[in-house]
């Protein structure tokens, strides 16, 4: 019984696919992975996060993006976070496609199928980005968020938020997120 090996692509081939495709793809060590659609609750939470961050970032050197900002982890790894914030934005451009290279905050909205991967593998991978200071995981199945914060010694601490009245403090981008605002218009 033979198995078909996974086809590996170059970064250049990945960007050619991205440029010519109506859907987004992530690039993971030679694999091109099509992005699937998200649930209504997932979209609501991501939109709420972007809506809460926008007025707090307005007038600063930081900008936020929802869903469509490809983010470079390393030369072989490109993801599309649900929400990403960068300050003093640096973009890498290949085939006229922009990629953020200096995020300070990455947010992933968790589903049952992605939670373990986002919490373990993606978190380890995102830690490679020198500019990253906050990694926020937000459940779409219950009121629950975990903020990982990079300390000055490069170690990471985590804080859990499980009540609607909790406030997530992001002092490096002068922002605060109230859990009730994150979960506005959602029900479980």
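In our numbering, the protein residues as written are 2 to 189. Beta carbons: idealized from backbone N, C-alpha and C, even for Gly. Bear in mind that the values here come from a model prediction, so they are computed numbers and not experimental data.
Give me the Cα-Cα distance between residue i and residue j, rounded to the nearest whole angstrom.
i	j	result
residue 68	residue 55	15 Å
residue 187	residue 73	31 Å
residue 28	residue 75	10 Å
residue 175	residue 121	27 Å
residue 166	residue 71	32 Å
residue 8	residue 30	11 Å
residue 14	residue 5	20 Å
In chain order, what residues of the same chain have a beta carbon less than 6 Å from the beta carbon of residue i, not counting five sequence neighbours either side?
i	result
residue 99	92
residue 159	147 and 149
residue 1	Residue 1 lies beyond the residue range present for the chain, which begins at 2 and ends at 189; the question has no answer from this structure.
State buried or exposed for residue i, treating a residue as buried only when at least 16 other CB atoms are found within 10 Å of its CB.
i	result
residue 119	buried
residue 108	buried
residue 87	buried
residue 35	exposed
residue 16	buried
Go to residue i, then tell me how far its alpha helix (DSSP H) extends in each direction, as first and last residue.
i	result
residue 1	Residue coverage of the chain in this structure runs from 2 to 189, which leaves residue 1 outside it and unanswerable.
residue 174	Neither: residue 174 is in no alpha helix (DSSP H) and is coded neither H nor E.
Could you spell out the range, first to last residue, of the beta strand (DSSP E) harbouring residue i?
i	result
residue 105	104-111
residue 12	Residue 12 -> not in any beta strand (DSSP E); alpha helix (DSSP H) instead, spanning 12-21.
residue 140	135-140
residue 189	Residue 189 -> no beta strand (DSSP E), and no H or E assigned at all.
residue 159	157-162
residue 27	26-29
With a CB to CB cut of under 7 Å and the five nearest residues on each side skipped, what residues in its chain are close to residue i?
i	result
residue 18	26 and 33
residue 49	182, 183 and 185
residue 43	110, 112 and 141
residue 51	65, 67 and 84
residue 170	177
Residues in the same chain with beta-carbon distance under 8 Å from residue i, minus the five sequence neighbours each way, listed in chain order, please.
i	result
residue 123	80 and 109
For this session: Quick one: which unbroken beta strand (DSSP E) runs of 3-plus residues sit fully inside the stretch 39-102? Chain order, please.
Result: 63-67, 72-75, 78-80, 84-88, 92-95 and 98-101
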